[in-house]
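These notes concern the structure reproduced below.
There are 2 protein chains.
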Amino acid sequence: MGMKCVGVDVGGTSVKIGIFEITGELIHKWEVPTRQEEGGKYILSDTAASILKTLKELNIPLEEVKGAGLGVPGPVMPSGYVEVCVNLGWRDMYPEKELSEMLHGIPVKSGNDANVAALGEMWQGGGKGYDDIVMVTLGTGVGGGVIIDQKIVAGKHGLAGEIGHVHIRDDETESCNCGGVGCVEQIASATGIAREARRKMASNDTPSVLRAFGDNVTAKNVLDAAKEGDALALEVMEVVGHYLGLALAQISMVTDPEVFVIGGGVSKAGSFLIDILFKHFDKYTPISKNKSGIVLAKLGNDAGIYGAARLILD
Amino acid sequence: MGMKCVGVDVGGTSVKIGIFEITGELIHKWEVPTRQEEGGKYILSDTAASILKTLKELNIPLEEVKGAGLGVPGPVMPSGYVEVCVNLGWRDMYPEKELSEMLHGIPVKSGNDANVAALGEMWQGGGKGYDDIVMVTLGTGVGGGVIIDQKIVAGKHGLAGEIGHVHIRDDETESCNCGGVGCVEQIASATGIAREARRKMASNDTPSVLRAFGDNVTAKNVLDAAKEGDALALEVMEVVGHYLGLALAQISMVTDPEVFVIGGGVSKAGSFLIDILFKHFDKYTPISKNKSGIVLAKLGNDAGIYGAARLILD
Numbered sequence: 001m002g003m004k005c006v007g008v009d010v011g012g013t014s015v016k017i018g019i020f021e022i023t024g025e026l027i028h029k030w031e032v033p034t035r036q037e038e039g040g041k042y043i044l045s046d047t048a049a050s051i052l053k054t055l056k057e058l059n060i061p062l063e064e065v066k067g068a069g070l071g072v073p074g075p076v077m078p079s080g081y082v083e084v085c086v087n088l089g090w091r092d093m094y095p096e097k098e099l100s101e102m103l104h105g106i107p108v109k110s111g112n113d114a115n116v117a118a119l120g121e122m123w124q125g126g127g128k129g130y131d132d133i134v135m136v137t138l139g140t141g142v143g144g145g146v147i148i149d150q151k152i153v154a155g156k157h158g159l160a161g162e163i164g165h166v167h168i169r170d171d172e173t174e175s176c177n178c179g180g181v182g183c184v185e186q187i188a189s190a191t192g193i194a195r196e197a198r199r200k201m202a203s204n205d206t207p208s209v210l211r212a213f214g215d216n217v218t219a220k221n222v223l224d225a226a227k228e229g230d231a232l233a234l235e236v237m238e239v240v241g242h243y244l245g246l247a248l249a250q251i252s253m254v255t256d257p258e259v260f261v262i263g264g265g266v267s268k269a270g271s272f273l274i275d276i277l278f279k280h281f282d283k284y285t286p287i288s289k290n291k292s293g294i295v296l297a298k299l300g301n302d303a304g305i306y307g308a309a310r311l312i313l314d
Numbered sequence: 001m002g003m004k005c006v007g008v009d010v011g012g013t014s015v016k017i018g019i020f021e022i023t024g025e026l027i028h029k030w031e032v033p034t035r036q037e038e039g040g041k042y043i044l045s046d047t048a049a050s051i052l053k054t055l056k057e058l059n060i061p062l063e064e065v066k067g068a069g070l071g072v073p074g075p076v077m078p079s080g081y082v083e084v085c086v087n088l089g090w091r092d093m094y095p096e097k098e099l100s101e102m103l104h105g106i107p108v109k110s111g112n113d114a115n116v117a118a119l120g121e122m123w124q125g126g127g128k129g130y131d132d133i134v135m136v137t138l139g140t141g142v143g144g145g146v147i148i149d150q151k152i153v154a155g156k157h158g159l160a161g162e163i164g165h166v167h168i169r170d171d172e173t174e175s176c177n178c179g180g181v182g183c184v185e186q187i188a189s190a191t192g193i194a195r196e197a198r199r200k201m202a203s204n205d206t207p208s209v210l211r212a213f214g215d216n217v218t219a220k221n222v223l224d225a226a227k228e229g230d231a232l233a234l235e236v237m238e239v240v241g242h243y244l245g246l247a248l249a250q251i252s253m254v255t256d257p258e259v260f261v262i263g264g265g266v267s268k269a270g271s272f273l274i275d276i277l278f279k280h281f282d283k284y285t286p287i288s289k290n291k292s293g294i295v296l297a298k299l300g301n302d303a304g305i306y307g308a309a310r311l312i313l314d
């Protein structure tokens, strides 16, 4: 048997854990609940106990484990220091050091969860076979991660890959959670797509199946209707595609990745979404015929455990 | 005596050459004319002959030269392949391999000149002491270079650092050289600043010292007048600062450098320009108080030879 590695993705509700061959095959995955009480002080010990128990059940001695990676929902300094993780109650700690001690000293490396998910997609997902990718996760919000030469670019202030907070839309009036106005997240997240649909319904009389949903319309409703040719839904997706495609074009003039990997719930719309994005991206990158591709993520919610496991392999 | 390295910056008019200590001190610099005839076939041999002659004059044996770096005015593939260099007449060649042979086999590494200049500023210029910078050169056009972990990010299609061709201005109607519309280069280059001044003069009646220059107004006129408080010149610089500051904000959400280094002729306006840029950059990065700084480049036209010499030290 070859060496193994462990990937841990800490979320606000549950901690996802996976055991992998170092060649990338997932051997076993499971979850433990995230206990947020008392500043999240039990999260790492619960995780460590569960890892040790599971390794034992699978007859994998700790000597066969190269190490563990840890995806954290907040900024992680290069030293492993975490100043604050709002969702977990963590403050002022070195989670990778703590987890390593709880796992009898095996190496542990940590990173921001969005960046770690991008690394996972590069390793075994939609970005497999590429060294340089930018991942964009279109969920409730918009997250991102930049990978260059198979490594996470975290940025000097932990802001690299904050694609959701690229200012892109000048005519936006509502504020974004970040304190800005007109961020990518406000238009290309599931929340943003639904809001754009509500705005379109309010501002014009185009007949649409979306009107039946009223203010409860979701991004999925919009994408399903757009695929069926619904005129208003297609208008919404043109606006979304315009701004997100433009943002990808801007990013490609900065790091010029081999591919953009699009993940998150909104990406379930598949090639229909990719085609809209590429059309607008292509329009804003006339400088060269050779340009980044846009592909779908493949790992879904497992991207985090894959990427965390990959962290330890450098 | 310690080891030396050579930096070569090939331009359309002259080839700049510098001999450096590997610790970064410039020992000697000079230029040779760029002979563009016959597809630029003499450029490298002229350069090599001049380097060998100068080393001899300086009593530096070739054994003390660690290698040479070569900045090329066009895209360079990771293999060193150059498909085309319009300004030089070069096509389909490996200049680093050719130059190495002409220099009796010492190692030669090449890179795009804008990227190489950024590396130079990181090594011994405005970005000295930082590992991660983004350089923006505001000259006739707008060039750029992205350095992460002291290395050039060239991009998979040679487009990384093409900051000048980030689309930023939706209400622009003229086309950019790249085929796009509304690029950073169209507003923040010396050419762009002068054009914006002509537009402002044509579209309003604000009294201004710039009116004396009429259609011959230059970016320097605008910056000089703005520093003196000229209302119309300040209007122009607010527009320029808005768009360039916004572009820097977008870039900082991608790679989050320690500092942006601003070079080129326009940067001679000094801290006056930096303050305007930072004001707008700061406005579009509300997500964190910890953010990139903006500093002036220091090496002027020598950035290319510094960066080329640095190329060989990895």
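Protein chains in written order, with full-length UniProt numbering: chain A, 1 to 314; chain B, 1 to 314.
Beta carbons are placed, not taken as given, at the ideal position from N, Cα and C, and that holds for glycine.
- prompt: In chain A, what lies closer than 7 Å to N290 of chain B by C-beta?
  reply: H157, listed in chain order.
message: Counting only beta-carbon separations shorter than 9 Å, does Q186 of chain B have a partner in chain A?
response: Not closer than 9 Å to any Cβ of chain A, the Cβ of Q186 of chain B fails to qualify, so no.
Close Cβ partners of E172 of chain A (< 7 Å) along its chain, the five nearest in sequence each way excluded: Cβ neighbours of E172 of chain A beyond the five flanking positions: V181, G182 and Q186.
message: Let me see if you follow: with CB-CB separation under 9 Å, is S110 of chain B close to chain A or not?
response: Cβ-Cβ to chain A under 9 Å: no for S110 of chain B.
Interfacial residues, the segment 232–261 of chain A to chain B, with Cβ spacing under 7 Å: Cβ contacts with chain B: L246, A249, Q250, I251, S252, M253, V254, T255, D256, P257 and E258.
message: Suppose contacts are defined by Cβ-Cβ distances below 9 Å. Is V217 of chain A in contact with A194 of chain A by that definition?
response: Yes, these two residues count as a Cβ contact at 9 Å.
- request: Under 9 Å between beta-carbons, which chain A residues line up against P78 of chain B? List them in chain order, please.
  value: Going along chain A, no residue has its Cβ under 9 Å from P78 of chain B, so there is no contact; the nearest lies around 10 Å.
query: What are the boundary residues of the beta strand (DSSP E) that includes N115 of chain A?
result: Run containing N115 of chain A: none in the beta strand (DSSP E); it sits in the alpha helix (DSSP H), D113 to Q124.
- prompt: With contact counted as at least three CB pairs below 8 Å, one residue from each stretch, are the segment 69–76 of chain B and the segment 305–313 of chain B in contact?
  reply: Three or more Cβ pairs closer than 8 Å define a contact, and the segment 69–76 of chain B meets that threshold against the segment 305–313 of chain B.
message: Quick check on this structure: which residue in B:G40, B:L159 and B:I60 has the alpha carbon closest to the alpha carbon of D256 of chain A?
response: Nearest Cα to D256 of chain A within the set B:G40, B:L159 and B:I60: B:L159.
query: Three or more C-beta pairs closer than 8 Å, one from the segment 73–90 of chain B and one from the segment 34–50 of chain B: is that the case here?
result: Yes, they touch.
- request: Determine, using beta carbons only, whether V259 of chain B and I287 of chain B come nearer to each other than 9 Å.
  value: A distance of 9 Å or more separates the beta carbons of V259 of chain B and I287 of chain B.
- prompt: Beta-carbon separation of C5 of chain B and A202 of chain B under 9 Å?
  reply: Their beta carbons are not under 9 Å apart, which means C5 of chain B does not touch A202 of chain B by this criterion.
- prompt: Near K97 of chain B, which residues of its chain fall below 7 Å by C-beta distance, leaving aside the five closest residues on each side in sequence?
  reply: Counting only Cβ-Cβ distances below 7 Å, and skipping sequence neighbours, we find G80.
- prompt: How is R91 of chain A classed by DSSP in three states: helix, strand or coil?
  reply: Correct three-state label for R91 of chain A: strand.
query: Taking just the CA atoms, how far does A197 of chain A sit from G129 of chain B?
result: C-alpha of G129 of chain B to C-alpha of A197 of chain A: approximately 49 Å in a straight line.
task: Give the residues from the segment 120–143 of chain A that approach chain B closer than 7 Å (Cβ to any Cβ), ordered along the chain.
output: Those would be D132, in chain order.
- prompt: Under 9 Å between C-beta atoms, does residue 317 of chain B make it to chain A?
  reply: Outside the displayed range of chain B (1 to 314) lies residue 317 of chain B, so it cannot be described from this structure.
Uninterrupted alpha helix (DSSP H) stretches inside the segment 262–306 of chain B (no shorter than 4 residues): Every unbroken stretch of the alpha helix (DSSP H) spanning 4 or more residues and falling wholly within the segment 262–306 of chain B is given here in chain order: 271–283.
field: Three or more C-beta pairs below 8 Å linking the segment 52–66 of chain A and the segment 19–29 of chain A
entry: These segments touch.
task: Spell out a yes or no on whether the segment 222–237 of chain A and the segment 131–149 of chain B are touching, meaning 3 or more CB-CB pairs, one atom from each, closer than 8 Å.
output: Under the 8 Å Cβ criterion, the segment 222–237 of chain A does not count as touching the segment 131–149 of chain B, having fewer than three qualifying pairs.
- request: Have a look at residue 332 of chain B and I276 of chain B and give me their C-alpha separation to the nearest angstrom.
  value: This structure gives no information on residue 332 of chain B, because the portion of chain B shown stretches from 1 to 314.
Nearest candidate by alpha-carbon position, reference L138 of chain B, set B:H165, B:I148, B:G24 and B:Q150: Ranked by Cα distance from L138 of chain B, the options B:H165, B:I148, B:G24 and B:Q150 are led by B:H165.
- prompt: What does I152 of chain A reach in chain B if we use C-beta pairs closer than 7 Å?
  reply: Taking a Cβ-Cβ cut-off of 7 Å, I152 of chain A has no neighbours in chain B, whose nearest Cβ is about 11 Å from it.
message: Is the separation between the beta-carbon of L99 of chain B and that of L311 of chain B shorter than 9 Å?
response: Contact flag unset, no.
- request: At 8 Å on the CB atoms, spell out the chain A contacts of H167 of chain B, in chain order.
  value: Going along chain A in sequence order, the residues near H167 of chain B (Cβ under 8 Å) are L246, A249, Q250 and Y284.
query: So which residues on chain B does I163 of chain A lean against when the C-beta distance must stay under 9 Å?
result: M253 and V254, listed in chain order.
query: What does residue 374 of chain B touch in chain A if you count any residue whose Cβ is under 8 Å from its own?
result: This structure cannot speak to residue 374 of chain B, because chain B is shown only from 1 to 314.
task: Answer yes or no: does any C-beta atom of chain B fall closer than 9 Å to that of A118 of chain A?
output: Contact with chain B is absent for A118 of chain A, since none of that chain's Cβ atoms lies less than 9 Å from the residue's Cβ.
field: Per-residue burial, I147 of chain B [other beta carbons within 10 Å of its own, 16 or more giving buried]
entry: With 16 or more Cβ atoms within 10 Å of its Cβ, I147 of chain B is classed as buried.
query: Buried or exposed: where does I27 of chain A fall if 16 or more other Cβ atoms within 10 Å of its Cβ makes it buried?
result: So I27 of chain A ends up on the exposed side.
- prompt: Is D170 of chain B helix, strand or coil by DSSP?
  reply: Correct three-state label for D170 of chain B: coil.
query: Does the beta-carbon of A188 of chain B have 16 or more other beta-carbons within 10 angstroms, so that it is buried, or is it exposed?
result: Burial call: buried.
- request: Starting from K200 of chain A, trace the alpha helix (DSSP H) both ways and give me its first and last residue.
  value: A190 to S203 is the span of the alpha helix (DSSP H), which, as asked, contains K200 of chain A.
- prompt: If you draw a straight line from the C-alpha of Y284 of chain A to the C-alpha of Y243 of chain A, how long is it?
  reply: Approximately 11 Å between the Cα atoms of the pair.
task: Output, in sequence order along the chain, the residues in the segment 173–185 of chain A whose CB is closer than 8 Å to any CB in chain B.
output: Those would be C178, G179 and G180, in chain order.
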